[in-house]
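Number of protein chains: 2
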Amino acid sequence: MLIVKKFGGSSVADKERIFNVAKRCIEDYEAGNDVVVVLSAMGKTTDHLIEMAHDINPKASKREMDMLLATGEQTSVALMSMAMQALGVSAVSLNAFQVIMHTTSAYSNAKFKRIDTERIFNELEQRKIVIITGFQGVNKYDDITTLGRGGSDTTAVALAAALHADACEIYTDVEGVYTADPRVVPNAKKMKEITYDEMLELATLGAKVLHNRSVELAKKYGVQLVVRSSLNRAEGTVVKEETEMEGMLVSGVAVDKNAARIAIIGIKDEPGMAFKIFDLLAKKNINVDIILQSIGRDGTKDISFTVSRDQMDEAVKVLKDNAARVKAQKIEADPTVAKLSIVGAGMQTHPGVAAGMFEALYNVGVNIRMIGTSEIRVTVLVDEKDVDKAMRAAHDKFIED
Amino acid sequence: MLIVKKFGGSSVADKERIFNVAKRCIEDYEAGNDVVVVLSAMGKTTDHLIEMAHDINPKASKREMDMLLATGEQTSVALMSMAMQALGVSAVSLNAFQVIMHTTSAYSNAKFKRIDTERIFNELEQRKIVIITGFQGVNKYDDITTLGRGGSDTTAVALAAALHADACEIYTDVEGVYTADPRVVPNAKKMKEITYDEMLELATLGAKVLHNRSVELAKKYGVQLVVRSSLNRAEGTVVKEETEMEGMLVSGVAVDKNAARIAIIGIKDEPGMAFKIFDLLAKKNINVDIILQSIGRDGTKDISFTVSRDQMDEAVKVLKDNAARVKAQKIEADPTVAKLSIVGAGMQTHPGVAAGMFEALYNVGVNIRMIGTSEIRVTVLVDEKDVDKAMRAAHDKFIED
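Protein chains in written order, with this note's numbering: chain S, -15 to 385; chain A, -15 to 385.
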């Protein structure tokens, strides 16, 4: 069996953890498997490198940032190889140039185009554990690129696809994907399985277990993932195309507290206003989520929408700076809101899930301020102070029952 | 003009020094020159990485050590490029894979075979300052190699040769090559010029200004070097094939305090004894310097020689472990000695230099324990307590007069 195992920065943050990871990999190796290990930079290394760079040049080119950041993973893989050698196992570390992990040219946000597999298979044939730098690639100019934060997950999935691996295991500091945040919902359960689509909705909504692009890639190439803990032996959560669980309408409940609501009140009720507003925001790279437009009255209407909380001030500024175009009576911003979502592939074929959620929240006295939906998700905007209570109510309603 | 400028680790140890180096390079660039910069790892980075590695695996493979250490220079070049960009100049950093600096396969001690120049010239044509990682290369397996300590000097010289550079400047924390250690000999003078051969003798003897292999390479390819300070504007020392100084028999005086004397007393006076002894030492990689063999008497003779002080105990152990082969009456070791050398290309054609040195030492009451010579060097072994006094006497005799 060929197994790709990916470990994040906290899993290799110090000597003890490096040896812990080395031993887990060696177990699989000694059981006769081919083992490919993908690593992130150790602990806070990437943050530290970014600090150094910003101290020298806050506007450093992305090309040079990638050149700098790539040293982090190279350090991890070399040290891991040394640890495995210390444990008597033959291992070899490879960086993006050595594998040749071809990416697009977009520095700091590159995407894989192709991964050469020859070197990796050669090393595996010599019965070595192959340890590969996550997060990075090489573009057509022979420059180093990086995939953006969390990119090591994507590296692992891309490698699993290219190598036709039998398993792709993503190790984190949690035991898997939960039906809700266990710190808020004590009876949250670890899921045995989840579909790619559900995982994508949950990842987007703040269940920061897997990098979104890695799930998209896994879906595209049909790479089955296992998310599990690097700290213990608990079975993790399998992410795959279709799950076998019956009767589960809702797989998980997610909360996103990084939300703010902006209301544009009393704009002229004429065609093109929504376009003008959201075009202004898009040009500033401000992502807008749920959008609500009121029915016009007295020749005016209101538009409200959510943005991430850290972009709220900028969004308000853009709108006010363009008052002549927007022509609103008032712009309000409220950072004391949060998004609560229920996600489940079963929703597609079962109407009434949204109604059930509204009922559950009504029963605990939580006011719903906005609503947004996708095929497998219902999201509501509530006051932040209510969101934990609302989460428990939704979890009780859909998961516990 | 195409200028290669090399800066060591202390010259790029922090933000301020990085900007200092960036500005010096930009001066040459703005004067219309093509500028290639070679950098070592920042400050104590390499030592720190070695510590990390040894903590994980004291016997880490050299292949993985090189993979690890190469991150140090990559960090330097990326940050330097950012600094130059902050100063408004177009710059690009390149590592050994991007240039393609082909080396032999010997990890931790590789030698350059060939350097591809295409990428460098392309970048120079776009009027960029090109910043290249020192100390590292790529071997035929596509693995990272390093050149050993001080290897960045060698990188600079090899690049200057490959690019047919018009100048190769080695920046250090001293102002150039001195006629003696200025801390011991207050009237030591900075040399304006020195020949490759003289520099090689001085480098070997502990005037740690230039890495020896870089001087050998410079000699081989006729690359004229300038050694100068990164901290001020003083003119440095030019290292070249022939100097134009007349009448200078002796260019410099060097002291090596890392010396020990071993005496093997009362060995059988029969053929092959010297071979047996030095073969034993060579097999343990113990370098022997000056050798003195006494005239035999009563069927026995004595052999004494010098080794570096940190190898003394090992040398004695090897000899004692092989007592049956060596058959000596007594083995003595003395770590309280030091070597004093005078070096000068002019010696070749002027007899009597050695005699002049012995006279100078006699005049200040310094006892000479052993003597060794090359074509352009006279070395004497003296008691360590006498060596500074002896150095000043030799300097007065040959340089001051």
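Backbone N, C-alpha and C fix where the C-beta goes; we use that ideal spot for every residue, glycine too.
In this text, all values refer to a predicted model and were calculated from it rather than measured experimentally.
Query raised in the report: Taking buried to mean at least 16 other C-beta atoms within 10 Å of its own C-beta, is Y91 (chain A) buried or exposed?
Result: buried
Query - Interface partners of S89 (chain A) on chain S, CB under 7 Å - result: Against chain S, the beta carbon of S89 (chain A) has no neighbour under 7 Å; the closest one sits roughly 14 Å away.
Requested in this report: Run through the segment 234 to 273 of chain S for me and flag every whole alpha helix (DSSP H) of 4 or more residues, listed as ranges in chain order.
Outcome: 257 to 267
Query raised in the report: Listing by chain order, which chain A residues have their CB less than 7 Å from the CB of F342 (chain S)?
Result: In chain order: nothing, as chain A lies at least about 53 Å away.
Requested in this report: Report the neighbours of F81 (chain S) on chain A: residues whose CB is nearer than 7 Å to its CB, in chain order.
Outcome: F81
Query - Cβ neighbours of F342 (chain S) in the same chain (closer than 7 Å, five flanking residues each side left out) - result: I352
Report task. Report yes if the CB atom of A244 (chain S) is closer than 8 Å to the CB atom of A317 (chain S), and no otherwise. Result -> yes
**Report entry** Neighbourhood of T320 (chain A) by C-beta distance below 7 Å, restricted to the same chain and skipping five residues each side
**Finding:** Setting aside the 5 residues that flank it on each side, T320 (chain A) is surrounded in the same chain by D367, E368, each with a C-beta closer than 7 Å to its C-beta; the list follows chain order.
Requested in this report: With 7 Å as the C-beta to C-beta threshold (strictly closer), list the residues of the segment 30 to 58 of chain S near chain A in chain order.
Outcome: With the criterion set as a beta carbon lying under 7 Å from some beta carbon of chain A, the members of the segment 30 to 58 of chain S are M36, A37, D39, I40, N41, A44, S45, E48, M51, L52, T55, Q58, in sequence order.
Query raised in the report: Where E11 (chain S) and K97 (chain S) are concerned, what is the direct C-alpha to C-alpha distance, given to the nearest angstrom?
Result: A straight line joining the alpha-carbon of E11 (chain S) with that of K97 (chain S) spans about 32 Å.
Query raised in the report: How far does the beta strand (DSSP E) with E359 (chain S) in it reach, from first residue to last?
Result: Unbroken run through E359 (chain S): none, as it is neither H nor E.
Report task. Inspect the beta-carbon positions of I274 (chain S) and I40 (chain A) and report whether they are closer than 8 Å. Result -> no
Requested in this report: For N123 (chain S), I'd like the list of residues in its chain whose CB is within less than 6 Å of its CB, leaving aside the five on either flank, ordered along the chain.
Outcome: T87, S89, T129
Query raised in the report: Who are the neighbours of I2 (chain S) on chain A, taking C-beta pairs under 9 Å?
Result: I40
Report task. Output the distance between the C-alpha atoms of I113 (chain A) and I113 (chain S), rounded to the nearest integer angstrom. Result -> 40 Å
Query - N216 (chain A) burial status per 10 Å Cβ neighbour count (16 or more: buried) - result: exposed
**Report entry** Segments assigned alpha helix (DSSP H), at least 4 residues, entirely inside the segment 39 to 86 of chain S
**Finding:** 46 to 70, 80 to 83
Query raised in the report: Less than 8 Å separating the beta-carbons of V310 (chain S) and K260 (chain S)?
Result: yes
Query raised in the report: In the structure shown, what three-state DSSP assignment does D367 (chain S) receive?
Result: strand
Query raised in the report: chain A beta carbons: is any one of them nearer than 8 Å to that of M354 (chain S)?
Result: no
Requested in this report: Output, in chain order, the set of chain A residues within a Cβ distance shorter than 9 Å of Q110 (chain S).
Outcome: The contacting residues do not exist; Q110 (chain S) stays about 12 Å from chain A at best.
Report task. Report whether the distance from the Cβ of I84 (chain A) to the nearest heavy atom of the ligand FAD is below 7 Å. Result -> As presented, the structure is devoid of all ligands, the ligand FAD included, so that no description of it is given.
Requested in this report: Rounded to whole angstroms, what's the CA-CA distance from D363 (chain A) to V337 (chain A)? Just pull it up for me.
Outcome: Here residue 363 (chain A) turns out to be Thr, not Asp, going by the sequence shown. For T363 (chain A) and V337 (chain A), the distance between alpha carbons rounds to 11 Å.
Report task. With a threshold of 16 other CB atoms inside 10 Å of the CB of E182 (chain A), please say whether the residue is buried or exposed. Result -> buried
Requested in this report: Look at the alpha carbon of I251 (chain A) and the alpha carbon of K285 (chain A), and state the distance between them as a whole number of angstroms.
Outcome: 5 Å
Query raised in the report: At least one CB of chain S closer than 8 Å to the CB of D126 (chain A): is that the case?
Result: yes
Query raised in the report: For L23 (chain A), does the three-state DSSP call read helix, strand or coil?
Result: strand
Query raised in the report: Which residues in chain A sit within 7 Å of M66 (chain S), going by Cβ to Cβ distance?
Result: A37, I40, N41, A44, E48
**Report entry** Under the three-state DSSP convention, the category D150 (chain A) falls into
**Finding:** coil
**Report entry** Inter-stretch contact (C-beta, 8 Å, three-pair minimum) for the segment -15 to -7 of chain S and the segment 140 to 154 of chain S
**Finding:** yes
Query raised in the report: Using the beta-carbon of each residue, which ones in chain S are nearer than 7 Å to S77 (chain A)?
Result: E48, M51
Query - Coarse secondary structure for I279 (chain S), derived from DSSP in three states - result: Coil.
Query - Delimiting residues of the beta strand (DSSP E) encompassing D286 (chain A) - result: 284 to 291
Query raised in the report: E23 (chain A) touches chain S at which residues, Cβ-Cβ below 9 Å?
Result: The identity of residue 23 (chain A) in the sequence shown is Leu, whereas the question assumes Glu. Within chain S, no residue comes near L23 (chain A); the closest Cβ sits about 13 Å away, beyond 9 Å.
Query raised in the report: Which chain S residues are close to K(-1) (chain A), counting only those with a beta carbon under 7 Å from its beta carbon?
Result: D39, I40
Query raised in the report: Which of helix, strand or coil does DSSP assign to F(-9) (chain S)?
Result: strand
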